[in-house]
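Contents: one structure, followed by commentary.
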Amino acid sequence: MQIYQLFNRLNNNKFGNLLTQTVALGVSAIVLLSSTNANAAEQVVLKYGAFQGQISVQELTQFTETGKTTPTLRAYLQAAQQDPAVARKALKAPIKADAAFLNNLLSSWAGPVLVNQIGEVVHPPGGQLNQEALRSALSTSIQQKGEVTLLGAIQNYPNTSVELEGDRLIAVYERLSNLAELL
């Protein structure tokens, strides 16, 4: 009963309003901070020539990490005549190195080359590569996992939707693998 009386007293004055606003602000902050990548891609538009389909980043991540496909992704891969094992390998193949070295690489003369290579496969809808956005996604991926992958670029792309050019995936993967061997 005493707590109820205390709440009534607090609610009837300015302190009560301040307390209510503070609690509301705290709850809002918790909700905002609990989402891991609020400014990251959520949807992937898979493109294979004339074929185009949409899946969530979560579905693509699950496929890349476990090999399990959702019915939608399985149908898209079949329609595009894409080998799931090869696509999975291309999405998760890393360029591993020291995080500081990879970030320095992105800032060097080789940075735009690396960004353009990955930008052939991962870019915002409409096909126009935003080098700064992709560089940011790669840098975030490096900070999180100490490596560069196509999946990391997708997961950290600072746009709600990103296109994945599936018909270019293997060629870019092979070029990135060659680059990784040089590092």
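Reading the sequence shown from the start, the letters are residues -40 to -1, 1 to 143 in mature numbering (1 follows the signal peptide of the UniProt record, and there is no 0). We treat Cβ as the ideally placed atom computed from N, Cα and C, and that holds for glycine.
According to the neighbour-count rule (16 or more other Cβ atoms, all chains shown, within 10 Å of its Cβ), is residue i buried or exposed?
{"i": "residue 84", "result": "buried"}
{"i": "residue 136", "result": "buried"}
{"i": "residue 27", "result": "exposed"}
{"i": "residue 125", "result": "buried"}
{"i": "residue 46", "result": "exposed"}
{"i": "residue 123", "result": "buried"}
{"i": "residue 120", "result": "exposed"}
{"i": "residue 35", "result": "exposed"}
{"i": "residue 79", "result": "buried"}
{"i": "residue 116", "result": "buried"}
{"i": "residue 142", "result": "exposed"}
{"i": "residue 39", "result": "exposed"}
Measure from the alpha carbon of residue i to the alpha carbon of each residue in the options, then state which is nearest.
{"i": "residue 163", "options": "25, 72, 105", "result": "Examination of residue 163 is not possible in this model, given that the chain is present from -40 through 143 alone."}
{"i": "residue 58", "options": "6, 102, 5, 88", "result": "102"}
{"i": "residue 17", "options": "69, 118, 78", "result": "118"}
{"i": "residue 10", "options": "127, 133, 141", "result": "127"}
{"i": "residue 67", "options": "121, 87, 44, 91", "result": "91"}
{"i": "residue 61", "options": "42, 132, 107", "result": "107"}
{"i": "residue 99", "options": "29, 114, 41", "result": "114"}
{"i": "residue 22", "options": "74, 112, 69", "result": "112"}
{"i": "residue 4", "options": "82, 75, 138, 38", "result": "82"}
{"i": "residue 15", "options": "1, 33, -1", "result": "33"}
{"i": "residue -1", "options": "37, 97, 89, 104", "result": "97"}
{"i": "residue 41", "options": "105, 8, 64", "result": "8"}
{"i": "residue 105", "options": "139, 56, 64", "result": "56"}
From the DSSP output, which residues share a beta bridge with residue i?
{"i": "residue 122", "result": "4"}
{"i": "residue 11", "result": "8"}
{"i": "residue 16", "result": "3"}
What whole-angstrom Cβ distance do residue i and residue j have, given they're in contact under 8 Å?
{"i": "residue 109", "j": "residue 72", "result": "Contact doesn't hold; Cβ gap of about 19 Å is too wide."}
{"i": "residue 20", "j": "residue 13", "result": "Actually they do not touch by this definition, with Cβ atoms about 12 Å apart."}
{"i": "residue 88", "j": "residue 132", "result": "At roughly 18 Å, the Cβ-Cβ gap does not stay under 8 Å, so residue 88 and residue 132 are not in contact."}
{"i": "residue 30", "j": "residue 37", "result": "Going by Cβ atoms, the distance from residue 30 to residue 37 rounds to 10 Å, so no, they are not a contact pair."}
Inset, instruction - Taking only runs that begin and end inside the stretch 25 to 109, name each unbroken alpha helix (DSSP H) of 4 or more residues, in chain order. - result: 31 to 39, 44 to 52, 59 to 67, 71 to 79, 91 to 105
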